[in-house]
Amino acid sequence: MGAQSNLKFKYLYHILIIYILNNIGSPWNAIADDNRREIPLVLKKNELIPTKIAKHFSFTLPGVSSHLRILKDAGLTTEKKEGKNRFYSLNKKKTLEIVQFFEHMYGYSLNSLKEYVENKENKI
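For the sequence shown, the numbering used here assigns the number 3 to the initial residue and increments by one for each residue that follows.
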């Protein structure tokens, strides 16, 4: 009975992950794009205006602005207006939540793999 309930838990856990990853407007969709995963790395130490951010990439300023809007809508970056400038910075709380999710997910997966291997070894 215990093995069957553990299997159900694993199944539901994976369904939950798929739901989260497919949730429209979520941070997961925002970081699905390679370029958008790079922008937070540029912002991790400083708040910058889009023209400074664009210097780190080969795409246009409108492209950077589009990516920044998506990251901001997902809550991964914040925007502060000062005069005509808009300064973008990393939303550290939200990015920490994502990091913790992946740490938990990979930790869970590695533990499951370890249990599987140990069970196989015991049967041999």
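Beta carbons: idealized from backbone N, C-alpha and C, even for Gly.
Which term fits Ala-32, buried or exposed, when burial requires 16 or more other beta carbons within 10 angstroms of its beta carbon? buried
Cβ-Cβ distance between Ser-91 and Thr-79 below 8 Å: In this structure, Thr-79 lies closer than 8 Å to Ser-91 by Cβ.
Can you tell me which of Met-107, Asn-124 and Lys-125 puts its alpha carbon nearest to the alpha carbon of His-16? For His-16, the nearest C-alpha among the options comes from Met-107.
Excluding the 5 residues preceding and the 5 following Glu-120 in the sequence, name in chain order all residues of the same chain whose CB lies nearer than 7 Å to its CB. Annotation for Glu-120: no residue places its beta carbon closer than 7 Å to its own, counting only its chain and skipping 5 residues before and after.
Can you give me the C-alpha to C-alpha distance between Ile-26 and Lys-125, rounded to a whole angstrom? Residue placement at Ile-26 is poorly supported in this model, since its pLDDT is 48, which falls under 50; the coordinates still yield a value, given next. For Ile-26 and Lys-125, the distance between alpha carbons rounds to 44 Å.
Please report the Cβ distance between Asn-93 and Phe-59, rounded to the nearest whole angstrom; I am assuming they are in contact, meaning their Cβ atoms lie under 8 Å. Not a contact, Cβ separation roughly 20 Å.
The beta strand (DSSP E) spanning Lys-82 covers which residue range? That run of the beta strand (DSSP E) goes 79-84.
Sort Ile-51, Val-66, Arg-71 and Leu-63 by Cα distance to Glu-84 and report the nearest one. Ile-51
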